[in-house]
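Visitor: Here you go, one structure.
There are 2 protein chains.
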Amino acid sequence: METASRRLAILAEGTLEFHHGKTAVSLLRYRPEDIVAVIDSENRGRTTDEVLGIGGDIPVVASVDDTFAMRPDALVIGIAPFGGGLPEQWRREILAAIDHGMDVISGLHFMLADDAEFAEAARAHTVKLVDVRRAPEDLQVATFAGHRPGARVVTFVGSDCAVGKMTAALEVTQAARHMGLSAGFVATGQTGIMLEGEGIAIDRVIGDFMSGAMEGLVTRAAERYDWVFVEGQGSLLHPAYSGVTLALLHGSAPDAMILVHPPTQTQIDSYPIAIPSLPRLIRIYEDAAAWVKPARVAALALNTRDMEEREAREAIRAAEEETGLPATDPVRFGGEVLVKAIAEYLVEGRAPTPAAH
Amino acid sequence: METASRRLAILAEGTLEFHHGKTAVSLLRYRPEDIVAVIDSENRGRTTDEVLGIGGDIPVVASVDDTFAMRPDALVIGIAPFGGGLPEQWRREILAAIDHGMDVISGLHFMLADDAEFAEAARAHTVKLVDVRRAPEDLQVATFAGHRPGARVVTFVGSDCAVGKMTAALEVTQAARHMGLSAGFVATGQTGIMLEGEGIAIDRVIGDFMSGAMEGLVTRAAERYDWVFVEGQGSLLHPAYSGVTLALLHGSAPDAMILVHPPTQTQIDSYPIAIPSLPRLIRIYEDAAAWVKPARVAALALNTRDMEEREAREAIRAAEEETGLPATDPVRFGGEVLVKAIAEYLVEGRAPTPAAH
C-alpha cells in the first residue's frame, strides 16, 4: 500500500460532523502525523480538533485547491458511502488533485484506475491511483486447513456495520503490543488497509473466494504473530451484508471472538431490524461459528462514544452483569482488559469473567 | 441467455461417470432435445443413456472434432470444477469449437471473453462467448423492502454443495405448474441459468452486492409469479461457501424453506465437518433466517439417487418421523408432495405434517 510516510489531504466533504467519515476519523486518530489537511466545506476554517476532538490543529479547508499550500502529495478519499459509488461532484476535486501532481488513494467500490478520465489524467501527470479495495487476482477457495498451532486468532464481530469493530481491534492490538505480546492486526476493510498498509477489503471479494481470502490473510498473519486480531465486517443480522460477515467468521476460523456493540444503538442502521439482547447476540455468533469450528465470545468491546463517562462505566458494568463476560470501551479506557480476558481464556483456559473495575 | 433452441455439444471430459458433470447431467435431464452430443473420451462410443441412464441415445464422443457430424452450433462447458478455473487441456477443445464456428457457453469462474486468445478467435470466426457466470454490472445493496404481497417465496437450502438443491427446485416448479399454479424458478448458479435462460450466479457476485442481487432476482420473479422457487447455493456448514449461502438466504427473504439432503451423506464433501441430524440442520437454517426474517423449513427434499427404491422410501419415512415434516425425493417420486406441503403451510396456515404415503 502506497500510504506510508506521506503528506495526506483527506476528502471528507459533508461527512465530518456526524462521524460518517469513518476513514477520515480513523486516519486522524491513528496517523495524525501524516495528515496535512481535511477537506469539508461545511467546516472550513476550523481545525479537526474543533470539529471532531482529534487530530490537533490540522486545518479543515473547503476544496482540494485550498490544500496545495500545505504541499500534500496524496489525496485520500475519506468516506465510504452506502454502496460505495463515486459522488459526481467529487470528480472535479479528484481531477484537481491529479492535475496538481498528487496520488489519489481510494477505498470506494468505484475503481478510480478503471475510469478512463482518471486513468488518462494520472498517466499525463505520472501520479498513482491506489484503489485499496481492489481484490487480489490470485484468491483461492478456503481449505479449512487451520492456522499455525500456538498462534491465537481473535475475530471482532458486531451488532451492526460501523459500530467500531476496526477501532476496537486496533486498540486491542496496540494494548497487546504494549503488554509485550507478539500481536498483529488483520485489516479487512478499506480504512484498516489504509492504516495497516496491507489487507483485503473482504466485501469487495467475489462470493466464492471470500472465505478463502480471509483464510489466507489470517494464516499468513499467524505465521508472523502469536496473537492475531481480525477486523470484522458487517453483522450477521444485517440483511445486506450478513454473507460477508459469515464468510469472514468461517474463513478466519477464530479461537475466540470479541463482540463490539454501542449500548445506545437499538436497531440496524437504516433497516427495520431490532438488535437483540447481548446474550442473544453472543449466542448468534457462537452458534454460527460452531457450524464449522466452535469459538466463544470471550469479551465485549462497548462503543460508548456518545455517552458521558459515568454513563459509559454504568453501561459497561450492566453489560458485564447481563453476560457474565469482561467488558470495556477500549478507545476510552484502553484495550488491556480485553487482552487479559482473551489471554486468560485462550492460554490459561479460564472461563471469561467480568473484569475488576 | 443465448441457449434457447440450440444444437448443443457438451464438453464433460472425465466427469460423466461419477455425476460430477452437474451441468451436463442437468442439461441432459431437462433439455435433452437440444443436445446433439456429449464429449467424454472415457465413455466414447456409448450413449448418455448407457452411461447415465438419461438423455436417450445421445452419443458420447471423444473430442469436439467428433461432434461436427451432428452439426452443433454451440459448445457448452459442462462441468463446474472446484474453484472454477479452466483446465488447460480444454483450451484446444474450445479453440477447435470456435474455429468450427460454434458459440461457446461457459459457467466457469474463468471468463472466456476476457481471455485474449479466445476473444481474438471468436472475433475472427464471428461466434459468441457466453460467460453465464459473469455478474451484472448494475447490482445494488439490498434494501430489505420485501417482495410483492400475495407472492410466496420458497428458498431451497441444503446440507452441502451439490446435493440437488437446483434439481429439487426445478422439480417442484414443474410440479407446481402441472398443478395449475403460477410458479417461477429463480436460477442462482451457472447450470440453473443455462436451463432457465436467466438468473445470476450469486457465488460470482462481489460480497457487498450478493444479498442485493438476490433481492432483485426474487423481487422481479415475485412480480411475475405467485410462487417463486429459489435455487439455493452451498451450505451454512460449508467453510468456503457459507457466506454465499447466508447472503442468498437473507437476500431472498423467503416465506418458507425446503431442506435438501442426501440421506447417505454424512460429511461436507472434502472437508472434515460432519453433517448434523436433520432436526439440527433445520434449526440452523431457521435460526439464520430469523436473524432478519423468520421462515420455517416446511418440507424436506431427499436426494436418494444412490439408493434402491425400497431403501429410498424407508429413508423418506425415517426423515418424516425424525422431523415431523413432509418429505420426498422429488426427482424419484415427483414434487407434488412438496408443493402441497408448502401451499398448506403458506396459504392455509397449517403446520407442516408428514405426507400420506
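From first to last, the protein sequence lines stand for chains A and B. Using our numbering, you'd call the opening residue of the first sequence number 119 and step up by one each time. Using our numbering, you'd call the opening residue of the second sequence number 119 and step up by one each time. A virtual CB, placed ideally from N, CA and C, is assigned to each residue, including glycine. Remember, predicted model here, so these are calculated numbers, not experimental data.
Grab me the residues of B/L364's own chain with a C-beta within less than 7 Å of its C-beta, minus the 5 sequence neighbours each way, in chain order.
Guide: Here residue 364 of chain B is taken as the residue at index 246 of the second sequence, counted from 1. Within the same chain, and ignoring the five residues on either side of B/L364 in sequence, the residues whose Cβ sits closer than 7 Å to its Cβ are L354, A406.
Visitor: With distances taken from CA atoms, which of A/A155, A/A286, A/Y148 is nearest A/T446?
Guide: Here residue 446 of chain A refers to the residue found at position 328 of the first sequence. Closest option to A/T446, Cα to Cα, is A/A286.
Visitor: Determine the burial state of A/S329: buried for a count of at least 16 other Cβ atoms within 10 Å of its Cβ, exposed for fewer.
Guide: For this step, residue 329 of chain A is matched to residue 211 along the first sequence. Buried, since its Cβ has 16 or more Cβ neighbours within 10 Å.
Visitor: For a contact defined as C-beta to C-beta under 8 Å, what are the partners of B/F262 on chain A?
Guide: Locating residue 262 of chain B in the second sequence gives position 144, where the first residue counts as 1. Going along chain A in sequence order, the residues near B/F262 (Cβ under 8 Å) are P357, A358, Y389, P390, I391.
Visitor: For A/S189, is the classification buried or exposed, using 16 other Cβ atoms within 10 angstroms of its Cβ as the cut-off for buried?
Guide: Start at 1 with the first residue of the first sequence, and residue 189 of chain A comes out as number 71. Here the sequence assigns Arg to residue 189 of chain A, which means Ser is not the residue at that position. The residue in question, A/R189, is exposed, as its Cβ has fewer than 16 Cβ neighbours within 10 Å.
Visitor: Classify A/D256: buried if its beta carbon has 16 or more other beta carbons within 10 angstroms, exposed otherwise.
Guide: For this step, residue 256 of chain A is matched to residue 138 along the first sequence. Flag for A/D256 reads exposed.
Visitor: Are there three or more Cβ pairs, one per stretch, closer than 8 Å when the region 310-328 of chain A is compared with the region 215-228 of chain A?
Guide: In short, these stretches touch, since the Cβ pair count reaches three.
Visitor: Between A/F303 and A/G467, what straight-line distance do the alpha-carbon atoms span, to the nearest angstrom?
Guide: For the purposes of this step, residue 303 of chain A is taken as the residue at position 185 of the first sequence. For the purposes of this step, residue 467 of chain A is taken as the residue at position 349 of the first sequence. So the alpha carbons of these two residues sit roughly 23 Å apart.
Visitor: Who does B/S224 pair with in a DSSP beta bridge?
Guide: Residue mapping note: residue 224 of chain B aligns to position 106 of the second sequence, counting from 1. Answer is B/D249.
Visitor: Taking the alpha carbon of B/R398 as the reference point, which residue from B/H296, B/Y389, B/G334, B/V415 has its own alpha carbon closest?
Guide: For the purposes of this step, residue 398 of chain B is identified with residue 280 of the second sequence, where counting begins at 1. Ranking the options by Cα distance to B/R398, first place goes to B/V415.
Visitor: Give the residues of chain A in contact with B/I320, contact being defined as C-beta atoms less than 7 Å apart.
Guide: On the second sequence, position 202 is the one that residue 320 of chain B refers to. Those within 7 Å of B/I320 in chain A are G325.
Visitor: Identify the continuous beta strand (DSSP E) that holds B/V449 and give its terminal residues.
Guide: By one-based count along the second sequence, residue 449 of chain B stands at place 331. Careful: B/V449 lies outside any beta strand (DSSP E), inside the alpha helix (DSSP H) at 448-451.
Visitor: Verify the CB distance criterion: does B/A365 have a CB-CB separation below 8 Å to chain E?
Guide: Annotation note: the requested chain E is absent from the structure, which comprises protein chains A and B.
Visitor: How many angstroms separate the CA atom of B/V182 from the CA atom of B/G171?
Guide: Here residue 182 of chain B refers to the residue found at position 64 when the second sequence is read from its first residue. Here residue 171 of chain B refers to the residue found at position 53 when the second sequence is read from its first residue. Their backbone Cα atoms lie some 23 Å apart in a straight line.
Visitor: In the DSSP output, which residue or residues are listed as bridge partners for B/H218?
Guide: As a first step, residue 218 of chain B is located in the second sequence; it is residue number 100 there, counting from the start. DSSP output for B/H218 lists no bridge partner at all.
Visitor: Chain B partners of A/I402, CB-CB under 7 Å?
Guide: On the first sequence, residue 402 of chain A is found 284 positions in, with the first residue counted as 1. W409, listed in chain order.
Visitor: Suppose you measure from the CA of B/V248 to the CA of A/A231; what does that come to, to the nearest Å?
Guide: Taking the first residue of the second sequence as 1, we reach residue 248 of chain B at position 130. Taking the first residue of the first sequence as 1, we reach residue 231 of chain A at position 113. Going by the C-alpha atoms only, they are around 26 Å apart.
Visitor: Drop a sphere of 10 angstroms on the beta-carbon of A/S159, count the other beta-carbons inside from all chains shown, and report buried for 16 or more, exposed for fewer.
Guide: Against the first sequence, residue 159 of chain A aligns to sequence position 41. Per the 10 Å Cβ criterion, exposed.
Visitor: Along the chain, where does the beta strand (DSSP E) that runs through B/V156 open and close?
Guide: Along the second sequence, one-based indexing puts residue 156 of chain B at 38. Its beta strand (DSSP E) spans residues 153-157.
Visitor: Report all residues from its chain with a CB closer than 6 Å to the CB of A/G282; omit the five preceding and five following residues, and keep chain order.
Guide: Taking the first residue of the first sequence as 1, we reach residue 282 of chain A at position 164. Excluding sequence neighbours, A/G282 sits near V378, N421.
Visitor: Helix, strand or coil for B/V275, going by three-state DSSP, please let me know.
Guide: Within the second sequence, the letter at position 157 stands for residue 275 of chain B. Residue state, collapsed to three classes: strand.
Visitor: Write down every uninterrupted run of the alpha helix (DSSP H) in the region 417-474 of chain B whose length is 4 residues or greater and which is fully enclosed by it, in chain order.
Guide: Those alpha helix (DSSP H) runs which fall completely within the region 417-474 of chain B and span 4+ residues are 427-441, 448-451, 454-464.
Visitor: Check whether the Cβ of A/D405 lies closer than 8 Å to any Cβ atom in chain B.
Guide: Against the first sequence, residue 405 of chain A aligns to sequence position 287. Yes, because at least one Cβ of chain B sits closer than 8 Å to the Cβ of A/D405.
Visitor: For the alpha helix (DSSP H) that A/I176 lies in, which residues bound it at each end?
Guide: As a position in the first sequence, residue 176 of chain A is number 58, starting the count at 1. That residue, A/I176, is in no alpha helix (DSSP H); it is neither H nor E in DSSP.
Visitor: So is A/S370 in contact with chain B if we call contact Cβ pairs under 8 Å?
Guide: For this step, residue 370 of chain A is matched to residue 252 along the first sequence. With 8 Å as the cut-off, A/S370 does not count as an interface residue toward chain B.
Visitor: In the DSSP assignment, find the beta strand (DSSP E) that holds B/F347 and state where it starts and stops.
Guide: Within the second sequence, numbered from 1, the residue matching residue 347 of chain B stands at position 229. First-last of the beta strand (DSSP E) with B/F347: 345-348.
Visitor: Return no unless some Cβ of chain B is closer than 8 Å to the Cβ of A/M375.
Guide: What you label residue 375 of chain A is simply residue 257 of the first sequence in a count that begins at 1. False, the Cβ-Cβ gap to chain B never drops below 8 Å.
Visitor: Would you identify the three-state DSSP class for B/M332, choosing helix, strand or coil?
Guide: The residue labelled residue 332 of chain B in the question sits at position 214 within the second sequence. B/M332: helix per DSSP, three-state reduction.
Visitor: Tell me where the beta strand (DSSP E) around B/H379 begins and ends.
Guide: Your numbering for residue 379 of chain B matches position 261 in the second sequence. Start and end: 374-379.
Visitor: Give the DSSP-derived three-state secondary structure of B/I386 in the structure shown.
Guide: Within the second sequence, residue 386 of chain B is the residue found at index 268, counting from 1. It is coil, neither helix nor strand.
Visitor: Can you tell which of B/T133, B/G276, B/T384, B/E438 has its C-alpha closest to the C-alpha of B/G352?
Guide: Position 234 of the second sequence, counting from 1, holds the residue named residue 352 of chain B. Measuring from the Cα of B/G352, the nearest candidate turns out to be B/G276.
Visitor: Between B/H243 and chain A, is there a C-beta pair that is closer than 8 Å?
Guide: Mapped onto the second sequence, residue 243 of chain B falls at position 125. With 8 Å as the cut-off, B/H243 does not count as an interface residue toward chain A.
Visitor: Where does A/I128 sit, in a helix, a strand or coil, going by DSSP?
Guide: Within the first sequence, numbered from 1, the residue matching residue 128 of chain A stands at position 10. Three-state result, A/I128: strand.
Visitor: Expressed to the nearest angstrom, what Euclidean distance is found between the alpha-carbon atoms of A/A215 and A/A192?
Guide: Start at 1 with the first residue of the first sequence, and residue 215 of chain A comes out as number 97. Start at 1 with the first residue of the first sequence, and residue 192 of chain A comes out as number 74. Taking the straight line joining both Cα atoms gives about 8 Å.
Visitor: Using only the alpha-carbon positions, how far apart do A/T441 and A/T471 sit?
Guide: Stepping through the first sequence from its first residue, residue 441 of chain A is reached at position 323. Stepping through the first sequence from its first residue, residue 471 of chain A is reached at position 353. Cα to Cα, the separation comes out at about 9 Å.
Visitor: Does any residue of chain B have a CB that is nearer than 8 Å to the CB of A/H379?
Guide: As a position in the first sequence, residue 379 of chain A is number 261, starting the count at 1. No, its Cβ sits nowhere closer than 8 Å to a Cβ of chain B.
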